[in-house]
Ligand SMILES: [Zn+2]
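In structure tokens:
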């Protein structure tokens, strides 16, 4: 048990407190990183005219981390040059009203699609650069690609407002501009026994789906639930391919835990020998994360979190292509393994339907209880659930 505590403590430091500790060095990091990349932009500025299929992945665009305006401008050219293959449209706005766009890659009328989003956490720049590089590689038409079997829905930059803050003085900004952790704002039936305060790095917001960003994505995903057959959330920088759950140590059940283990081991191996397949709760308990929401809401379909390899949220631009290729390779395995995974999913959902039919036949069954999707109050902490994980989360209050 003590080994487990140690492991979690270490990981917590690694992923949450690293950023917190770094806030002390933030002014330096801001200069060293946003300014280094702005300088990089001046010597890698003329890439748009040379963009062409087959050369996207090697474009000078990928020589620097890019602002959200540059990400948009680059993707717009890809959309223009690949009409009918990739489309880009707005899902919602952010808290501050920025457009919140979703490129959709289709190589035909695939009945099944895979969903990937990046940058719920603003400081994790490599998540966005990797998603954009993956789109580039796919359009370069190197075979095989995940689009051989699936349409892809990729949101490369969820937390646009927070990302802008990281480019203008707050390089270690994690939350949204509304100061909500967008990876704690998703519905979970398991309440955080110690709800973090608004000043916390992991503040989940006043209610589930209180934020425009999560609400917009949720509505899109609910509307397209029939065709989306897998979910990936990209983060940095623990080099892990994480399976559910994050908010409980209970298994997912229905034969899915074994499926996750098989699939994630293959994904990790394809990405590089640095990546390890893990269970999300092994890092620390996470309440209200996207992965946990999707695995329950879209029961039976794979929902994973990938933590990119790295040593900090600030990384040299020379890592962009390496990380991008890792995501491409991981996504390829995710696509290749999807049918196998869903084989179980079908059995699982048959079992679920059977269970629901049985339940519906019971007296009083018409009073179906379903949690409201919006404005659902966070459940207050239950004193008996206070345990060691809370003390780990309390470390967060040291954050200045
Ligand atoms: Zn993250």
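Residue numbers (full-length UniProt numbering): 1 to 400.
Cβ coordinates follow ideal geometry from the N, Cα and C atoms, glycine included.
Proximity of residue 187 and residue 172 at Cβ, strictly below 8 angstroms: The count along the chain shown starts at 1 and reaches residue 187 at position 187. The count along the chain shown starts at 1 and reaches residue 172 at position 172. No.
Please indicate yes or no: does the CB of residue 124 lie closer than 7 angstroms to some heavy atom of ligand 1? Sequence index remark: in the chain shown, residue 124 carries index 124 (1-based). For ligand 1, at least one heavy atom lies less than 7 angstroms from the Cβ of residue 124.
Taking buried to mean at least 16 other C-beta atoms within 10 Å of its own C-beta, is residue 241 buried or exposed? In the chain shown, counting from the first residue as 1, residue 241 sits at position 241. Counting Cβ neighbours within 10 Å, residue 241 comes out buried, since at least 16 surround it.
Should residue 139 and residue 56 be called a contact, given that it needs their Cβ atoms to be closer than 8 angstroms? For the purposes of this step, residue 139 is taken as the residue at position 139 of the chain shown. For the purposes of this step, residue 56 is taken as the residue at position 56 of the chain shown. Yes, the pair counts as a contact, with Cβ atoms nearer than the cut-off.
Determine the extent of the beta strand (DSSP E) in which residue 242 is found, giving its start and end residues. The residue you call residue 242 lines up with position 242 of the chain shown. 240-243 is the span of the beta strand (DSSP E), which, as asked, contains residue 242.
Taking the C-alpha atoms as reference points, what is the distance between residue 195 and residue 181? Here residue 195 refers to the residue found at position 195 when the chain shown is read from its first residue. Here residue 181 refers to the residue found at position 181 when the chain shown is read from its first residue. For residue 195 and residue 181, the distance between alpha carbons rounds to 12 angstroms.
Can you check which of these residues, 115, 155, 279 and 81, is closest to residue 99 by C-alpha distance? The residue given as residue 99 occupies position 99 in the chain shown. When only C-alpha atoms are compared, the closest one is 155.
Can you give the beta carbon distance from residue 123 to residue 174, rounded, assuming they're within the 8 angstroms contact cut? Here residue 123 corresponds to residue number 123 of the chain shown, with the count starting at 1. Here residue 174 corresponds to residue number 174 of the chain shown, with the count starting at 1. Indeed they touch by this definition, with Cβ atoms about 6 angstroms apart.
Proximity to residue 213 [Cα-Cα], best of 270, 282 and 117: Numbered from its first residue, the chain shown carries residue 213 at position 213. Nearest option by C-alpha distance: 117.
Going by alpha carbons, who is nearest to residue 283 out of 238, 297 and 270? Here the question's residue 283 lines up with position 283 in the chain shown. When only C-alpha atoms are compared, the closest one is 238.
Residues near residue 163 by beta carbon distance below 7 angstroms, same chain, minus five either side: By 1-based counting over the chain shown, the position of residue 163 is 163. Correct list, in chain order: 68, 119, 122 and 157.
CB-CB length for residue 281 against residue 261, believed under 8 angstroms: Residue numbering aside, residue 281 sits at position 281 when the chain shown is read from its first letter. Residue numbering aside, residue 261 sits at position 261 when the chain shown is read from its first letter. 14 angstroms between Cβ atoms; not a contact.
Note down the Cα distance separating residue 318 from residue 254, rounded to an integer number of angstroms. Your numbering for residue 318 matches position 318 in the chain shown. Your numbering for residue 254 matches position 254 in the chain shown. The straight-line gap from Cα to Cα measures roughly 43 angstroms.
Residue environment, residue 292, which counts as buried when at least 16 other CB atoms sit within 10 Å: The count along the chain shown starts at 1 and reaches residue 292 at position 292. By the neighbour-count rule (16 or more Cβ atoms within 10 Å), residue 292 is buried.
Roughly how many whole angstroms lie between the Cα atoms of residue 376 and residue 300? For the purposes of this step, residue 376 is identified with residue 376 of the chain shown, where counting begins at 1. For the purposes of this step, residue 300 is identified with residue 300 of the chain shown, where counting begins at 1. Residue placement at residue 376 cannot be trusted, given a pLDDT of 41 that sits under 50; what the coordinates show is reported in the next sentence. Each residue's Cα considered, the two are about 24 angstroms apart.
Does the distance from the C-beta atom of residue 323 to that of residue 136 stay below 8 angstroms? Numbered from 1 along the chain shown, position 323 holds the residue referred to as residue 323. Numbered from 1 along the chain shown, position 136 holds the residue referred to as residue 136. Contact: no.
Buried or exposed: which applies to residue 66, given that a residue is buried once 16 or more other Cβ atoms fall within 10 Å of its Cβ? By one-based count along the chain shown, residue 66 stands at place 66. Residue 66 comes out buried.
Bridge partners for residue 215 per DSSP, in chain order? In the chain shown, residue 215 corresponds to position 215, counting from 1. Answer is none; residue 215 lacks a bridge partner.
From 296, 234, 343 and 326, pick the residue whose C-alpha is nearest to that of residue 421; which is it? Since the displayed the chain opens at 1 and closes at 400, residue 421 lies outside it and no answer follows.
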